[in-house]
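Per this note's numbering, residue 3 is the first one in the sequence shown, and the count goes up by one each step.
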Amino acid sequence: MKPAPDRNMLTPPNATEEDPLAPELLAHYKLADHDVAWFRMPHVDRMPLHAVTERDWKRPASDYRAQRFDPVYVKSAGWYEIVDYYEAIRSRGSQPMGLRWRQPSDYPSDDPESGWPRNPGGRTGHAGCGHLALWGPNPTLMLTFTRFKRNKDSQTICMAGGKPVIEALFMHSRDGQYYQFPWFFLKHNRNCDGNTCQPILLASVLHLLTQLANQSSMLTAAEKEAKLVTACTRGAKMKTLYKGYLDDAINCDNAWLEVAVINCQFNENKPLIFGILEKIFCSDYFAVEWVELNSQFLIDRARESHKEVSVKLLDMLNSSM
Numbered sequence: 003m004k005p006a007p008d009r010n011m012l013t014p015p016n017a018t019e020e021d022p023l024a025p026e027l028l029a030h031y032k033l034a035d036h037d038v039a040w041f042r043m044p045h046v047d048r049m050p051l052h053a054v055t056e057r058d059w060k061r062p063a064s065d066y067r068a069q070r071f072d073p074v075y076v077k078s079a080g081w082y083e084i085v086d087y088y089e090a091i092r093s094r095g096s097q098p099m100g101l102r103w104r105q106p107s108d109y110p111s112d113d114p115e116s117g118w119p120r121n122p123g124g125r126t127g128h129a130g131c132g133h134l135a136l137w138g139p140n141p142t143l144m145l146t147f148t149r150f151k152r153n154k155d156s157q158t159i160c161m162a163g164g165k166p167v168i169e170a171l172f173m174h175s176r177d178g179q180y181y182q183f184p185w186f187f188l189k190h191n192r193n194c195d196g197n198t199c200q201p202i203l204l205a206s207v208l209h210l211l212t213q214l215a216n217q218s219s220m221l222t223a224a225e226k227e228a229k230l231v232t233a234c235t236r237g238a239k240m241k242t243l244y245k246g247y248l249d250d251a252i253n254c255d256n257a258w259l260e261v262a263v264i265n266c267q268f269n270e271n272k273p274l275i276f277g278i279l280e281k282i283f284c285s286d287y288f289a290v291e292w293v294e295l296n297s298q299f300l301i302d303r304a305r306e307s308h309k310e311v312s313v314k315l316l317d318m319l320n321s322s323m
């Protein structure tokens, strides 16, 4: 089993119940009859460091004592489940993972003492849900926008090893750290199967972010007229790269990420569309940048789980060329 993801990157904000800005750390919207949320700051979801000597649930760890981590600020954001597990399950109106989701057979059984679900990635050192909204699996949508790197003339595609060099759009903190793909937490509605909603959610997220950018006067007249959603859903080659467990540092013993990774590959040069994407994913806390998927720069700075996704993404794109 792999070692635990690095959790000692930045200390989470020390927000309290009295802090009026605490809920603003999380953006929460209703899109396409789904609940969608994301952290406004790149380091909000960092977990306290807690060493784990044995991750595998199948192996005994008599000295293992998980620490309960319940950050105060998240409970006031109108997004999180009740802290009590059994009450949280009873109060669910639907399966947040979607109607067709079934737990894979190789996932660990629930904890024999508490009855709580157990993280497929193993022990983390943190009991409960931590920063995550739901007990057990938490549905997540990750968006990967890719294009061919071009020379200064903007027409000629850069080549390496006989194949085009591929760049992806990454968000990162303003100090140039914590590179990650745009990603969002979800709660599927009671009628959603959890499998067919990704295209409409992609369109809804892009539409919302474009509206927000427009309200902030970030877009030029030409950008306002451009059909970003159409360009991404029809003009680009869209494909689901991966669906399943994501081994990320935000996971706890009893809550984890189940991600759907969507790729939009632009084979044609679309400077106007690229410019809009750069603006709508930008914020006071996040900057954006196109980065080569196989670059040492990305290896050094990317979030570990997103680094693994970038490897799968590059393999998929290279195999299709």
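Even glycine gets a Cβ: it sits at the ideal position worked out from N, Cα and C.
Only a predicted model underlies this, so the values are computations on that prediction, with no experimental measurement involved.
Supposed contact pair residue j and residue i - C-beta distance, whole angstroms, cut 8 angstroms
i	j	result
leucine 143	glutamine 200	7 angstroms
threonine 235	leucine 214	Actually they do not touch by this definition, with Cβ atoms about 19 angstroms apart.
lysine 314	tyrosine 244	6 angstroms
tyrosine 181	arginine 305	7 angstroms
C-beta contact flag for residue i and residue j at 8 angstroms
i	j	result
alanine 135	arginine 70	no
isoleucine 264	threonine 212	no
proline 119	glycine 138	yes
isoleucine 168	leucine 295	yes
isoleucine 252	methionine 99	no
tryptophan 103	glycine 196	yes
leucine 210	leucine 33	yes
asparagine 191	histidine 36	yes
asparagine 216	lysine 229	no
valine 311	leucine 188	no
histidine 308	phenylalanine 186	no
valine 261	methionine 173	no
asparagine 269	lysine 239	yes
Residue from the options whose Cα sits closest to the Cα of residue i
i	options	result
glutamine 179	Pro44, Ser322, Leu230	Pro44
tyrosine 87	Leu188, Asn256, His30, Asn269	Asn256
aspartate 72	Trp40, Gly237, Asp47	Asp47
alanine 68	Phe172, Asp37, Cys254	Cys254
serine 218	Tyr109, Val290, Phe283, Ser321	Phe283
aspartate 177	Phe288, Gly237, Lys309, Pro110	Phe288
lysine 241	Cys131, Trp40, Asn140, Gln267	Gln267
lysine 60	Trp40, Pro122, Leu101	Pro122
asparagine 140	Ala224, Asp155, Gln105, Ser206	Gln105
serine 297	Gly132, Gly117, Thr222, Lys151	Lys151
methionine 220	Trp40, Glu83, Ser285	Ser285
cysteine 131	Tyr109, Lys154, Val85	Val85
Chain C contact for residue i (CB, 8 angstroms cutoff)
i	result
asparagine 265	Protein chain content of the structure displayed is limited to a single chain, and chain C is not contained in it.
Residues that DSSP places opposite residue i in a beta bridge
i	result
glutamine 200	Answer by DSSP bridge pairing: none, since glutamine 200 is not bridged.
glycine 246	Val261
histidine 174	Ala289
glutamate 169	Arg149, Glu294
methionine 240	Cys266
leucine 143	Phe186, Ala262
arginine 70	Ala129
methionine 161	Pro166
lysine 229	Note: lysine 229 sits in no beta bridge, so no partner.
aspartate 37	Lys32, Lys189
cysteine 254	Ala257
glycine 138	Ala257
alanine 304	Tyr181
Determine contact between the region 62-74 and the region 163-174, defined as no fewer than three beta-carbon pairs at a distance below 8 angstroms. no
Could you tell me whether the region 115-127 touches the region 36-56, using the rule of 3 or more Cβ pairs below 8 angstroms? yes
Quick check: the region 295-302 against the region 270-284, are there 3 or more CB pairs under 8 angstroms? no
Spell out a yes or no on whether the region 142-157 and the region 277-296 are touching, meaning 3 or more CB-CB pairs, one atom from each, closer than 8 angstroms. yes
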